[in-house]
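**Q**
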Amino acid sequence: MSVARATFSRLSPKTSALFLCDMQEKFRNNICYFPQIVEVSRRLFEAAKILDMKVIATEQYPKGLGHTVPELGLNGSSVPIIEKTKFSMCVPPVEDHLGSEIKTIILCGIESHVCVYHTALDLLAKGFAVHVVVDAASSRSMVDRKYAFKQMNKAGAVMTTSECVILGLVGDAAHPKFREVQKLIIKPAPDTGLLTFEKANL
16 MSVARATFSR LSPKTSALFL CDMQEKFRNN ICYFPQIVEV SRRLFEAAKI LDMKVIATEQ
76 YPKGLGHTVP ELGLNGSSVP IIEKTKFSMC VPPVEDHLGS EIKTIILCGI ESHVCVYHTA
136 LDLLAKGFAV HVVVDAASSR SMVDRKYAFK QMNKAGAVMT TSECVILGLV GDAAHPKFRE
196 VQKLIIKPAP DTGLLTFEKA NL
């Protein structure tokens, strides 16, 4: 068993952090299923807020690519938004915000084959368990998106869905905040094109 595989763990709000990677204005018209990816990521952010989880966001070269889109819901929140140029969220200011309790990262954003991919590899190398939310991560190309997921899975990251993550964080219908969280998933997550793409390329 590889080191990366050995770090797999169930999700817990106390030991998990949500990473929101580079969902910025200039990507709006270029990323496959961008509105849906942002909406699914917003659900994850809302769940994280309800469960008092740590959340960290980044912006890739915002001078050129703009700032985080408002519909993600970060405006007015206490979420740190870290500027970067590296193709990974693993930069010192992000690591400074993590703290020692965090063992698992829930990762979403763009692009799947660039910053999400390199973030996952960096986190795995540092011993974190990484859960990549496939319906909350995308690229300009569906081919890049598909094979990024395959590569991250092979490297040891867990490929998962937003509803699996949200319910996994609660863990029990008896959880005191289950009803609040349940409201986020009563309506199914929007289609982000994964099954359509798979069927078209069988």
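My numbering runs 15 ahead of the 1-based position in the sequence shown. The C-beta atom is built at its ideal place from N, Cα and C for all residues, glycine as well.
1) How is the beta strand (DSSP E) around residue 31 delimited, first residue to last?
2) What is the residue span of the alpha helix (DSSP H) that residue 134 lies within?
3) Less than 8 Å between the CB atoms is what I'm expecting for residue 151 and residue 56, so what's the real figure, rounded?
4) For the beta strand (DSSP E) that residue 75 lies in, which residues bound it at each end?
5) Within a Cβ cutoff of 8 Å, which residues of the same chain sit near residue 66, ignoring the five residues on either side of it in sequence?
6) Who does residue 195 pair with in a DSSP beta bridge?
7) Determine the contact status of residue 153 and residue 127, defining contact as a CB-CB distance below 8 Å.
8) Determine the extent of the alpha helix (DSSP H) in which residue 40 is found, giving its start and end residues.
9) Give me whichever residues DSSP pairs with residue 207 in a beta bridge.
10) Report all residues from its chain with a CB closer than 7 Å to the CB of residue 77; omit the five preceding and five following residues, and keep chain order.
11) Going by beta carbon distance, what residues of the same chain come within less than 6 Å of residue 133, once the five residues before and after it are set aside?
12) Any idea if residue 25 is buried or exposed, counting beta-carbon neighbours within 10 angstroms, 16 or more meaning buried?
13) Taking just the CA atoms, how far does residue 42 sit from residue 175?
14) Please classify residue 211: is it buried, with 16 or more other beta-carbons within 10 angstroms of its beta-carbon, or exposed?
15) Between residue 26 and the ligand ADP, is there a pair consisting of the residue's CB and a ligand heavy atom that are separated by less than 7 Å?
16) Ends of the alpha helix (DSSP H) at residue 183?
17) What are the start and end residues of the beta strand (DSSP E) that includes residue 153?
18) Which whole-angstrom value describes the C-beta separation of residue 200 and residue 59, a residue pair presumed to lie in contact below a C-beta threshold of 8 Å?
19) Taking residue 83 as the reference, give the member of 113, 37, 118 and 164 with the closest Cα.
20) Is residue 65 helix, strand or coil by DSSP?
**A** According to the data block:
1) Locating residue 31 in the sequence shown gives position 16, counting from the first residue. Here the beta strand (DSSP E) through residue 31 covers 31 to 36.
2) Numbered from 1 along the sequence shown, position 119 holds the residue referred to as residue 134. Element bounds for residue 134: 132 to 140.
3) Locating residue 151 in the sequence shown gives position 136, where the first residue counts as 1. Locating residue 56 in the sequence shown gives position 41, where the first residue counts as 1. Indeed, because the Cβ distance is near 5 Å, the residues count as touching under 8 Å.
4) For this step, residue 75 is matched to residue 60 along the sequence shown. First-last of the beta strand (DSSP E) with residue 75: 69 to 75.
5) Stepping through the sequence shown from its first residue, residue 66 is reached at position 51. Closer than 8 Å at the Cβ level, and outside the excluded window around residue 66, lie 28, 184, 185, 192 and 196.
6) The count along the sequence shown starts at 1 and reaches residue 195 at position 180. Bridge partners of residue 195: none, in fact.
7) Counting from 1 along the sequence shown, the entry for residue 153 is found at position 138. Counting from 1 along the sequence shown, the entry for residue 127 is found at position 112. Against a cut-off of 8 Å, the Cβ pair of residue 127 and residue 153 comes out as a contact.
8) Looking up residue 40 in the sequence shown gives position 25. Segment: none, residue 40 is in no alpha helix (DSSP H) and carries neither H nor E.
9) For the purposes of this step, residue 207 is taken as residue 192 along the sequence shown, with counting starting at 1. DSSP lists no partner for residue 207.
10) Translated into positions along the sequence shown, residue 77 becomes position 62. So the qualifying residues of the chain are 39 and 98.
11) Counted from its first residue, the sequence shown places residue 133 at position 118. For residue 133, where only same-chain residues beyond five positions count, the Cβ hits under 6 Å are 102 and 103.
12) Taking the sequence shown and counting its residues from 1, the one referred to as residue 25 is at position 10. That one is exposed.
13) One-based indexing of the sequence shown puts residue 175 at position 160. One-based indexing of the sequence shown puts residue 42 at position 27. Roughly 23 Å between the two C-alpha positions.
14) For the purposes of this step, residue 211 is taken as residue 196 along the sequence shown, with counting starting at 1. Under this definition residue 211 is an exposed residue.
15) Absence of the ligand ADP is noted for the structure shown, with no ligands found whatsoever.
16) As a position in the sequence shown, residue 183 is number 168, starting the count at 1. Start and end: 177 to 185.
17) Your numbering for residue 153 matches position 138 in the sequence shown. Per DSSP, residue 153 belongs to the beta strand (DSSP E) from 144 to 153.
18) Looking up residue 200 in the sequence shown gives position 185. Looking up residue 59 in the sequence shown gives position 44. At roughly 11 Å, the Cβ-Cβ gap does not stay under 8 Å, so residue 200 and residue 59 are not in contact.
19) Within the sequence shown, residue 83 is the residue found at index 68, counting from 1. Taking only the C-alpha atoms, the option nearest residue 83 is 37.
20) Numbered from its first residue, the sequence shown carries residue 65 at position 50. Residue 65 falls in the helix class under three-state DSSP.
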